[in-house]
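Reviewing the structure listed below.
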DNA sequence: ATAGGGTTAG
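Numbering (the UniProt record's numbering), first residue to last: 1 to 644.
If you want it as structure tokens, here you go:
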């Protein structure tokens, strides 16, 4: 029998250093389970104690407690929250050796532990050995699968319990399955469960209704969401939040904001879920004013201290082009975690601040926050966006060597972009050829971008073929290839590509630019005259372009797809949506203010040059977010260094 | 103060 005394001889020093230590009582377990599960588990698996527990000679009991089951159960929940498979295994064998059974709730907990860790097979083996499986056992198994998003395994277990074992499911079972369906976009499976819920009559359960709202909202079935809400006998704050989020995610973010106003009128107090849904709506509407409003709401509701909310807010500001606001929010986060650090790093990456991103990386490491694969994706992207080739290569190496993170597709596409940018096309191609994963369109796209910039037609053609076979219906690939040919003066090849596009019925996605003014987003397309201020905008644009021409600048008409007269080309290119938005911005904003524009596609090369010159001549900062990154134009220079 | 469930940031 292990007693407190015998254990303490080996462990006492470390245990006593912990606050709240009371080895004899369950307080010890409880305290550590909730305060520091990691530490708690480490103590338990420390070799000597562990061996003692597992030693066959000592008929092991958990330390002087009348009910070892309780202690063990605490321990397993701690293991669960540590997501460590070795702890899970250690406790499992400990259970077998000490108690010689894994049935009942201990078995349930272990099953749930294994499934949450993604060890479906281990869970299944253990589960199959359990002689007395009840509803809760099955629910534990299903909820574990659900957390990992294993829809098929959830359904399989569902059928087995229901039809083979004859155990009746309850609302908990259905909630687990629907939430898995929602996370994987498995609408049909979700609908099936919905039908089941109707038959079972469990739609009184608000959590089930909410998981269904989430399922339909995430899958774009807004009608189904509304029908569900109309017939719903119950509803709570989560239902409202999901309504807002459903609209924010499906292109009707303004309606989402409308639901927020309704919710307030219904007397509901917003919580973290509400403001997170609103932040999503802001991102889709692209309205600075609204974001500031949500910021105010966050402060008013005391949600600023919530790390998830603060991180969402700083991320939003970065996406709206206000990196200085992001930085301010970040500065106010207490002990930022790895997600907050990474969000700040990512913001700098997309704005082309490579050095700042590197400093953030070093900063987080210094304070002991462990970077993960997402951190490295953004760090590498920062290096590539800022032309930090040497640094990027180094980070790519230490990622696996020091941090044990195996590179994923995102990391490879960043590296290909990084190498390609510095003209190392062969190195980039070699990397693609020898990478252990199957390159996706992001990887090939990065290589193609390098071919385009460096005019490597031969390789470009080859890469384009790969892109066509990966995404035959993606019109962007055809346009990129056609542009590459046009830029090289290979008009016939360019028109062949366009003909091919036409043959396949692919339509070019029209470019448009957006700018916020007076609580509204103003949208411009090429040659657009629909804006009420159109006359003034064109006059302003002519005036500015006149100044630029006067300074000797010639249009980069190679960015025009069509083989037409130079004068026509110049006319077309001078009415690009980016330029119209800039002219509008110059008209409506004060002299000292930056002009912030969003473009749905990548920025056109001529517009890029023009924006640089306008920033110089008009002494204005122009910030353009295109589909890939932010361009900061100031004093005639762009933050992207003319590679994008 | 032992087991299962809805929304959540990079």
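Glycine included, each C-beta is placed from N, C-alpha and C at the ideal position.
Rank 579, 259, 299 by C-alpha distance to the C-alpha of residue 607 and give the top, closest one.
That would be 579, whose Cα lies nearest to the Cα of residue 607.
Distance check for residue 539 and residue 526, CA to CA, integer angstroms please.
Cα to Cα, residue 526 sits roughly 16 Å from residue 539.
In this structure, what does DSSP give as the bridge partners for residue 623?
Beta-bridge partners of residue 623 (DSSP): 596, 632.
Note down the Cα distance separating residue 316 from residue 399, rounded to an integer number of angstroms.
Approximately 27 Å between the Cα atoms of the pair.
Please name the residue, chosen from 358, 410, 544, 375, that lies closest to residue 387 on a Cα-to-Cα basis.
Nearest option by C-alpha distance: 358.
Continuous alpha helix (DSSP H) stretch holding residue 516: start and end
Not the alpha helix (DSSP H): residue 516 falls in the beta strand (DSSP E), residues 512-517.
Spatial neighbours of residue 123 within its chain, please: C-beta separation below 7 Å, excluding the five flanking residues on both sides.
The beta carbon of residue 123 lies closer than 7 Å to those of 111, 114, 115, 141, 144 in the same chain, with the five residues before and after it left out.
In three-state DSSP terms, what is residue 525?
Residue 525: strand per DSSP, three-state reduction.
Residues in the same chain with beta-carbon distance under 7 Å from residue 321, minus the five sequence neighbours each way, listed in chain order, please.
Within the same chain, Cβ atoms closer than 7 Å to the Cβ of residue 321 are found at 596, 623, 625, 630, the five residues on either side in sequence being excluded.
Here's a check: name, in chain order, each residue in its chain whose Cβ is nearer than 8 Å to the Cβ of residue 604, leaving out the five neighbours to either side.
Setting aside the 5 residues that flank it on each side, residue 604 is surrounded in the same chain by 511, 559, 573, 576, 578, each with a C-beta closer than 8 Å to its C-beta; the list follows chain order.
Alpha-carbon to alpha-carbon, residue 374 and residue 205:
Take the alpha-carbon of residue 205 and the one of residue 374: they are about 37 Å apart.
I need the straight-line Cα distance from residue 645 to residue 346, nearest angstrom please.
Not covered by the structure: residue 645. The range shown for the chain is 1 to 644.
Just to check my reading of the structure: residue 352 and residue 598 have Cβ atoms closer than 8 Å, yes? What is that Cβ distance to the nearest angstrom?
Not confirmed; about 16 Å, so no contact.
From residue 601 to residue 627, what distance separates their C-alpha atoms?
A straight line joining the alpha-carbon of residue 601 with that of residue 627 spans about 5 Å.
Residues in its own chain within less than 7 Å of residue 384 by CB, not counting five upstream and five downstream?
Once the five neighbours on either side are set aside, the close Cβ partners of residue 384 are 392, 414, 417, 418, 421.
Run the CB neighbour count on residue 177, radius 10 Å, all protein chains shown included, and call it buried at 16 or more, exposed below.
Its Cβ being crowded by 16 or more others within 10 Å, residue 177 is buried.
Based on the DSSP output, what are the partners of residue 520 in its beta bridges?
According to DSSP, residue 520 bridges with 517.
Look up residue 638 in the DSSP assignment and say whether it is helix, strand or coil.
The three-state reading of DSSP puts residue 638 in strand, counting E and B together.
Is residue 350 closer than 9 Å to residue 310 when the C-beta atoms are compared?
Taking the C-beta atoms as reference points, residue 350 is found no nearer than 9 Å to residue 310.
DSSP on residue 15, reduced to helix/strand/coil?
Only weak support is given to the placement of residue 15: the predicted model assigns it a pLDDT of 34, under 50, and the question is left unresolved by the model.
Provide the residue span of the alpha helix (DSSP H) that contains residue 591, from first to last.
That residue, residue 591, is in no alpha helix (DSSP H); it is neither H nor E in DSSP.
Measuring CB to CB, does residue 146 end up less than 9 Å from residue 108?
Pairing residue 146 with residue 108 gives a Cβ-Cβ distance that is not under 9 Å.
Nearest-angstrom Cβ-Cβ length linking residue 587 and residue 537, presumed shorter than 8 Å
With a Cβ gap of about 7 Å, residue 587 and residue 537 count as contacting.
Consult DSSP for residue 531 and reduce its assignment to one of helix, strand or coil.
DSSP places residue 531 in the coil class of the three-state scheme, outside both helix and strand.
Kindly confirm or deny that the region 544-552 and the region 475-483 touch, where touching means at least three C-beta pairs closer than 8 Å.
No, the region 544-552 does not touch the region 475-483.
Can at least three beta-carbon pairs, one atom from the region 254-270 and one from the region 487-497, be found at a separation below 8 Å?
Taking a cut-off of 8 Å on C-beta distances, the region 254-270 does not touch the region 487-497, as fewer than three cross pairs fall below it.
Beta-carbon proximity of residue 582 to residue 610, cut-off 9 Å:
Taking 9 Å as the Cβ cut-off, residue 582 and residue 610 qualify as a contacting pair.
Residue burial classification, residue 367 (beta-carbon count within 10 angstroms, cutoff 16)
Classification for residue 367: exposed.
Can you give me the Cβ contacts of residue 551 inside the same chain, cut-off strictly under 8 Å, excluding the 5 residues immediately before and after it?
The residues are 613, 617.
At which residues does the alpha helix (DSSP H) containing residue 264 begin and terminate?
Judged by DSSP secondary structure, residue 264 falls within the alpha helix (DSSP H) whose first and last residues are 253-265.
If you draw a straight line from the C-alpha of residue 279 to the C-alpha of residue 157, how long is it?
For the pair residue 279 and residue 157, the Cα-to-Cα distance works out to about 37 Å.
Which of helix, strand or coil does DSSP assign to residue 203?
Looking at residue 203 - three-state DSSP - the assignment turns out to be coil, as it is neither helix nor strand.
Ranges of the alpha helix (DSSP H) found wholly within the region 275-333, counting only runs of at least 4:
Listed in chain order, the complete alpha helix (DSSP H) runs (minimum 4 residues) inside the region 275-333 are 288-300, 307-319, 323-331.
Output needed for residue 594: all residues of its chain with C-beta closer than 6 Å, excluding positions within five of it in sequence on either side, in chain order.
Excluding positions up to five away in sequence, the list reads 621, 623.
Given a cut-off of 9 Å on the beta-carbon distance, is the pair residue 475 and residue 426 in contact?
Taking 9 Å as the cut-off, the beta carbon of residue 475 is found no closer than this to the beta carbon of residue 426.
Simplified DSSP state of residue 417, which is helix, strand or coil
The answer is helix: DSSP assigns residue 417 an H, G or I state.
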